[in-house]
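This note's numbering runs 354 ahead of the 1-based position in the sequence shown. Where is the CB? At the ideal position from N, CA and C, for every residue including glycine. Each remark here refers to the structure printed beneath this line.
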Amino acid sequence: MNPHWLISTLNALPALILVYFGVGIPVALLVLPRKDWGDRPLVIMCAIGFGASILTVILFVLGTMGQNTNFTAGDPLNPMQSQVNRLIGGTSQLDSRLIVMLCMLAVAWWFQIYRLAKKFPAPAKSPKIGLASDEKFLIFLIIIATILRWVMTSWTAFGWYDELWVYGYQSRIYTQLGFIPTDIGYYPQFLQLQYAFAQIVTGGINDHAARAVLPFLQVGSILAAYVLGNRLVNRRTGIILATIWALYPHFGFWTRIGDLEIPQVFAFTASSAFFLMAWIQPNKSLRHRYALLAGAWLGILMWIKPTGGALIWGVVVVVIIEAIRTRRWQAFAPRFMVALLMGIACLPLGALWYVRNIVYGHSAITFPQSYWLDEAVRSAGEFGWILLAIGVLIVYLFIAPARFRPNRIFLTVGMIFVALGVLPTIITPSRMMGLDWVFFLIGITILVSTLADFGFAHLSQTGWRNLALVGWAGALALPYFITYFYSYSYHYRLSFPIVPLLILPTAIILGVWITPERIKAWRFPVRFGYVLAIFAVSLQGILIPLYDEGYGWDFWWTMPAKDNLSDASLMELVTYFEDVAETGETPSILAPGLQRLPFFFPTWDINITAIPRTFADIGDADYFIDGIEPQFLYTVTGGFHNPFYASLRRENFTAPPIRFEDWREHFDIYALTPQNRFIPPPPPDMTSDIFPDADIQFGDVARLVSYGVVNDPIFVGIGTNPVEFKLVWQAVAPTNADYAIFYHLYREDDPQTVTFTADGVVNKPFGWELNYYSTQFWDAGEYIIDRRAFFVPQLPNGTNYRVRVGFYDLATLERLPLTVNGEEAGDSFTLDIPLRVNQPE
355 MNPHWLISTL
365 NALPALILVY
375 FGVGIPVALL
385 VLPRKDWGDR
395 PLVIMCAIGF
405 GASILTVILF
415 VLGTMGQNTN
425 FTAGDPLNPM
435 QSQVNRLIGG
445 TSQLDSRLIV
455 MLCMLAVAWW
465 FQIYRLAKKF
475 PAPAKSPKIG
485 LASDEKFLIF
495 LIIIATILRW
505 VMTSWTAFGW
515 YDELWVYGYQ
525 SRIYTQLGFI
535 PTDIGYYPQF
545 LQLQYAFAQI
555 VTGGINDHAA
565 RAVLPFLQVG
575 SILAAYVLGN
585 RLVNRRTGII
595 LATIWALYPH
605 FGFWTRIGDL
615 EIPQVFAFTA
625 SSAFFLMAWI
635 QPNKSLRHRY
645 ALLAGAWLGI
655 LMWIKPTGGA
665 LIWGVVVVVI
675 IEAIRTRRWQ
685 AFAPRFMVAL
695 LMGIACLPLG
705 ALWYVRNIVY
715 GHSAITFPQS
725 YWLDEAVRSA
735 GEFGWILLAI
745 GVLIVYLFIA
755 PARFRPNRIF
765 LTVGMIFVAL
775 GVLPTIITPS
785 RMMGLDWVFF
795 LIGITILVST
805 LADFGFAHLS
815 QTGWRNLALV
825 GWAGALALPY
835 FITYFYSYSY
845 HYRLSFPIVP
855 LLILPTAIIL
865 GVWITPERIK
875 AWRFPVRFGY
885 VLAIFAVSLQ
895 GILIPLYDEG
905 YGWDFWWTMP
915 AKDNLSDASL
925 MELVTYFEDV
935 AETGETPSIL
945 APGLQRLPFF
955 FPTWDINITA
965 IPRTFADIGD
975 ADYFIDGIEP
985 QFLYTVTGGF
995 HNPFYASLRR
1005 ENFTAPPIRF
1015 EDWREHFDIY
1025 ALTPQNRFIP
1035 PPPPDMTSDI
1045 FPDADIQFGD
1055 VARLVSYGVV
1065 NDPIFVGIGT
1075 NPVEFKLVWQ
1085 AVAPTNADYA
1095 IFYHLYREDD
1105 PQTVTFTADG
1115 VVNKPFGWEL
1125 NYYSTQFWDA
1135 GEYIIDRRAF
1145 FVPQLPNGTN
1155 YRVRVGFYDL
1165 ATLERLPLTV
1175 NGEEAGDSFT
1185 LDIPLRVNQP
1195 E
């Protein structure tokens, strides 16, 4: 196996480490309270997030400046690319000047931090308690899973839809052009600019170098989950929470997909953690510091993806609940200030991209197409984490040693109703309907009332505190969950940002239930079974990166890394155009809806937004690519019946299509030759080839230019040798009527009896009702080639036949009059081609 993927990844790592840690750690220490400097997971989490944010803001400024300049290759007016390239000397390794500059920056930061450390000494530390044995095992599993994911993330290339369409494509554009084009709106640039940076510092477009940023963001999300549990409850809860998130199979699978969801989890969870830390913090100074940090992380979240704005609504919900709960300004004001400071702190970075979009005339936020919302599943499976927490709680209350128990009968009845409400749409994924909701809500009501009755009677002060934390975390997640459930539940990954918040209740219950002291009291078989159970539950989450939806579990050794695609037809399409480029041609391509293609040719003229309907719409394009996506767009924007699309199979408009097809989709490549419409076609390759001397014209619509038989006029019938005609017409003048052409086969000795017909419109593909080249589309002077075949059963030997043709109105069935040299000649023209049946004896 060629280790180019590993070499590319390792080449990018020095620059990324300098950004995330050389710059990120000093910044993290500067903004965190002095007492938190010893919390290494918290510091590293902030270092990765703040380092990435500083890098991307700098690149955004450079890229925005560069888009308005005229430059030549290497011109320093191209800030994003030329300045960085000058630092690295145009090589694939970091230039010494860049290393010196970043090291000097790091030294300056560290010196400043040293002064602060002297001025603000660390508070006295409480005795440190070592990790329990199962906590060490959980951390070990996280490390193993993370290493495996790092390998898979680095080995595979970009290949999933959104990677090719947006994130990987935009990073290639920035790497090649050195600036952010003004016509790019869509999502903010947090991930794309990191991809671009990794490629720029390694010498150019390279998927593996770009993807080297992903493991850092994945680790950041795991650390954010740990911080959420650790700082709100305790270290054990944090480790359990981080483990469940890290070994969650969907997360494990998605780690090698270079999409926004995992970075979004990182920022959403970090912002929520700091907000809740501020919310429960009695010290005013620390409360305000954490609120500002929550706002900074909210700004990063909005710099990643606009759906993160649901966290703002979560904060609003929490504030409203607090206002109702306190009912006095004096009690409400401290926590209101937390939300206010958070909102102010998020604006500098959070609003940056959206203001930029407005300035350039884009929509501030681009929402998904409405048809995606119609795809939302809205099944009970979306309640999975909530159901898990309820199930773990009930098992704990039934099994764990306790002096008091809740009412088991009511809990059982409640669980039965919940099961009746959720199981149908979990077993068969579908939307929850009326009866499902009735059962589910009745069950939840019974469970909540039973557990509330038990809690008021027996819950400890710590238990109430934990319950309050779960409530605040749930309120933060609620608006996002509602939006996801109703609109975005067509894919599980879109639930990721709130998953750590939804895991928190389960992590708290497990932390309270399975304590280190209880584990020590277990005997060997039970303890071994506990470890085995953890490993068994974790195994899928550890191994899931080895799985591919298109290639299965064996894709590691069956699929080359550069072909990390289930849609092989797309790669064949790309290879075709790579071969075209090798001839020296840089084609102009029309590819409606084919958003993935520009990824492979980022500087080519590939129009994916135009949906051509007229000949003028194609401009100077050389190729048109048809397939599932263009057909969908034509369907939803007015149908296929238009001059351009109906001409795709016209032999004097396009070359014969080249098709690439796999189990999922297909692509048809048409080389466009629109100029040939007005050039007389060359004599066809026929046995008989007739160009009439007379002017044969039907109404003011069409003139017959030539006709002939493609195969031998001595034919035998269907399945063996059907006779095929090829007629060339020239449009005389535009018409508003839609005419069909009739072809009637008759015996020479009985001209009044039609034996067989081949009537129909021009150029109608099999199976398409509205994709023919209607006479309403014909331009005066253009040539139309029409092919017809008679599929007839066996006929008597020695019989002579003739064919006559003519036009009739599809709406009224009225025929067009025929004129020959201006003289009326009826309504049909008999082709001067005798046909004779000659079947073998």
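Would you list the one or two residues that DSSP bridges to Val-1159? Counted from its first residue, the sequence shown places residue 1159 at position 805. According to DSSP, which records beta bridges pairwise, Val-1159 is partnered with Tyr-1097 and Phe-1183.
Between the CA atoms of Leu-924 and Gly-558 - distance to the nearest angstrom: Position 204 of the sequence shown, counted from the first residue, corresponds to residue 558. Position 570 of the sequence shown, counted from the first residue, corresponds to residue 924. When rounded, the distance between both Cα atoms is 23 Å.
Have a look at Phe-771, Ile-770 and Asp-790 and flag the residue whose alpha-carbon is nearest the alpha-carbon of Pro-778. Taking the sequence shown and counting its residues from 1, the one referred to as residue 778 is at position 424. Among Phe-771, Ile-770 and Asp-790, the Cα nearest to that of Pro-778 belongs to Asp-790.
Burial state of Leu-614, where buried means 16 or more other Cβ atoms lie within 10 Å: One-based indexing of the sequence shown puts residue 614 at position 260. Looking at its Cβ environment, which holds 16 or more other Cβ atoms inside 10 Å, Leu-614 is buried.
If you follow the alpha helix (DSSP H) that Tyr-528 is part of, which residue opens it and which one closes it? Position 174 of the sequence shown, counted from the start, is the residue given in the question as residue 528. Where Tyr-528 is concerned, the enclosing alpha helix (DSSP H) stretches over 522-531.
Best match in Phe-835, Ala-650 and Leu-751 for proximity to Ala-664 [C-alpha to C-alpha]: By one-based count along the sequence shown, residue 664 stands at place 310. Of the candidates Phe-835, Ala-650 and Leu-751, the one whose C-alpha sits nearest the C-alpha of Ala-664 is Phe-835.
Alpha carbon of Val-1082 to alpha carbon of Asp-1092, nearest angstrom: The sequence position of residue 1082 within the sequence shown is 728, counting from 1. The sequence position of residue 1092 within the sequence shown is 738, counting from 1. Each residue's alpha carbon lies about 18 Å from the other.
When the Cα atoms are used, what is the spatial distance from Leu-413 to Thr-510? In the sequence shown, counting from the first residue as 1, residue 413 sits at position 59. In the sequence shown, counting from the first residue as 1, residue 510 sits at position 156. Looking at the two C-alpha atoms, the distance is approximately 26 Å.
Pick from Leu-364, Met-506 and Phe-551 that is closest to Val-411, judged by C-alpha positions: By one-based count along the sequence shown, residue 411 stands at place 57. Of the listed residues, the one whose Cα sits closest to Val-411 is Phe-551.
Alpha-carbon to alpha-carbon, Val-619 and Ile-868: Residue numbering aside, residue 868 sits at position 514 when the sequence shown is read from its first letter. Residue numbering aside, residue 619 sits at position 265 when the sequence shown is read from its first letter. Cα to Cα, Ile-868 sits roughly 27 Å from Val-619.
How would you write the range of the alpha helix (DSSP H) that His-604 sits in, first residue to last? As a first step, residue 604 is located in the sequence shown; it is residue number 250 there, counting from the start. Taken as a continuous stretch (DSSP letters only), the alpha helix (DSSP H) holding His-604 covers 603-608.
Can you grab the Cα-Cα spacing for the pair Asn-918 / Leu-518, in whole Å? The count along the sequence shown starts at 1 and reaches residue 918 at position 564. The count along the sequence shown starts at 1 and reaches residue 518 at position 164. Low local confidence applies: a pLDDT of 44 at Asn-918 is under 50, so the model's placement there is unreliable, and no value is given.
Boundaries (first-last residue) of the alpha helix (DSSP H) holding Arg-872: Taking the first residue of the sequence shown as 1, we reach residue 872 at position 518. 870-875 is the span of the alpha helix (DSSP H), which, as asked, contains Arg-872.
Buried or exposed for Trp-359, please, with buried defined as at least 16 other CB atoms from any protein chain shown within 10 angstroms of its CB. For the purposes of this step, residue 359 is taken as residue 5 along the sequence shown, with counting starting at 1. Buried is the call here.
Count the CB pairs spanning the stretch 850-861 and the stretch 798-812 that are closer than 8 Å, and state whether there are at least three. no
DSSP state of Leu-1058, grouped into three classes? As a position in the sequence shown, residue 1058 is number 704, starting the count at 1. Strand at Leu-1058.
Who does Arg-1013 pair with in a DSSP beta bridge? Within the sequence shown, numbered from 1, the residue matching residue 1013 stands at position 659. Per the DSSP secondary-structure output, Arg-1013 pairs in a beta bridge with Asp-1022.
State the CB to CB distance for the pair Val-581 and Met-399, rounded to an integer number of angstroms; the pair is presumed to be in contact (CB under 8 Å). Indexing the sequence shown from 1 puts residue 581 at position 227. Indexing the sequence shown from 1 puts residue 399 at position 45. Indeed they touch by this definition, with Cβ atoms about 6 Å apart.
In its own chain, which residues sit with a C-beta less than 6 Å from the C-beta of Ala-827, not counting the 5 before and 5 after it? In the sequence shown, counting from the first residue as 1, residue 827 sits at position 473. Within the same chain, Ala-827 has close Cβ partners Leu-855 and Leu-858.
What residues in its chain sit with their C-beta under 7 Å from that of Thr-445, if we drop five residues either side in the sequence? For the purposes of this step, residue 445 is identified with residue 91 of the sequence shown, where counting begins at 1. At Thr-445, the pLDDT of 39 sits below 50, so the modelled position is not reliable; the number obtained from the coordinates is stated separately. Cβ neighbours of Thr-445 within its own chain (closer than 7 Å, five residues either side excluded): Gly-557.
Would you say the stretch 1004-1023 touches the stretch 1046-1063, given that touching needs at least three Cβ pairs under 8 Å? no
Contact defined as beta carbons within less than 8 Å: I believe Trp-514 pairs with Ile-611. What is the distance between those atoms, to the nearest angstrom? Taking the sequence shown and counting its residues from 1, one reaches residue 514 at position 160. Taking the sequence shown and counting its residues from 1, one reaches residue 611 at position 257. Contact flag correct, Cβ pair sits at about 5 Å.
Cβ shell of Ile-593 (< 6 Å), same chain only, five flanking positions each side left out: Within the sequence shown, the letter at position 239 stands for residue 593. Hits under 6 Å: Glu-489 and Leu-492.
Can you tell which of Phe-969, Leu-545 and Gly-392 has its C-alpha closest to the C-alpha of Gly-405? Taking the first residue of the sequence shown as 1, we reach residue 405 at position 51. Minimum Cα distance to Gly-405 is reached at Leu-545.
For Arg-565, I'd like the list of residues in its chain whose CB is within less than 7 Å of its CB, leaving aside the five on either flank, ordered along the chain. Along the sequence shown, read from residue 1 onward, the residue named residue 565 stands at position 211. Excluding positions up to five away in sequence, the list reads Thr-507, Ser-508 and Gly-612.
Only counting runs of 3 or more residues, tell me where the beta strand (DSSP E) segments fall wholly within the stretch 964-993, in order along the chain. 977-981
Could you tell me which of Leu-652, Leu-1185, Phe-810 and Ile-719 sits nearest to Phe-758, measuring between CA atoms? As a position in the sequence shown, residue 758 is number 404, starting the count at 1. Ranking Leu-652, Leu-1185, Phe-810 and Ile-719 by CA distance to the CA of Phe-758 puts Phe-810 first.
My output table needs one value for Ile-943: the three-state DSSP class, helix, strand or coil. Counted from its first residue, the sequence shown places residue 943 at position 589. In this structure, Ile-943 counts as strand in the three-state DSSP scheme.
How would you call Thr-500, buried or exposed, if buried means at least 16 neighbouring beta carbons within 10 angstroms? Position 146 of the sequence shown, counted from the start, is the residue given in the question as residue 500. So Thr-500 ends up on the buried side.
Do you know how far the Cα of Ser-575 is from the Cα of Trp-876? As a position in the sequence shown, residue 876 is number 522, starting the count at 1. As a position in the sequence shown, residue 575 is number 221, starting the count at 1. The straight-line gap from Cα to Cα measures roughly 33 Å.
When Val-1063, Phe-1052 and Gly-1053 are compared against Ile-1044, the one with the closest alpha-carbon: Here residue 1044 refers to the residue found at position 690 when the sequence shown is read from its first residue. If we check each option's Cα against that of Ile-1044, Val-1063 comes out closest.
For Pro-1028, collect the residues of the same chain with a Cβ closer than 7 Å to its Cβ; drop the 5 residues on either side in sequence, then sort them by chain order. Here residue 1028 is taken as the residue at index 674 of the sequence shown, counted from 1. Closer than 7 Å at the Cβ level, and outside the excluded window around Pro-1028, lie Phe-969, Ile-972 and Phe-1007.
Please work out which residues of its chain come closer than 8 Å, Cβ to Cβ, to Ile-888, disregarding the five sequence neighbours upstream and downstream, and give them in chain order. The residue you call residue 888 lines up with position 534 of the sequence shown. Within the same chain, Cβ atoms closer than 8 Å to the Cβ of Ile-888 are found at Asp-488, Phe-491, Leu-492 and Leu-495, the five residues on either side in sequence being excluded.
From the DSSP output, in three-state form, read off Arg-1169 for me. Residue 1169 sits at position 815 when you count from the first residue of the sequence shown. Here Arg-1169 sits in strand by DSSP.
Top-ranked residue by Cα proximity to Leu-1099, from Ala-1143, Ala-1134 and Ala-831: Translated into positions along the sequence shown, residue 1099 becomes position 745. The residue with the shortest Cα to Cα distance from Leu-1099 is Ala-1143.
Are Arg-1003 and Tyr-840 close, meaning C-beta to C-beta below 8 Å? For the purposes of this step, residue 1003 is taken as the residue at position 649 of the sequence shown. For the purposes of this step, residue 840 is taken as the residue at position 486 of the sequence shown. No, they are not a contact pair.
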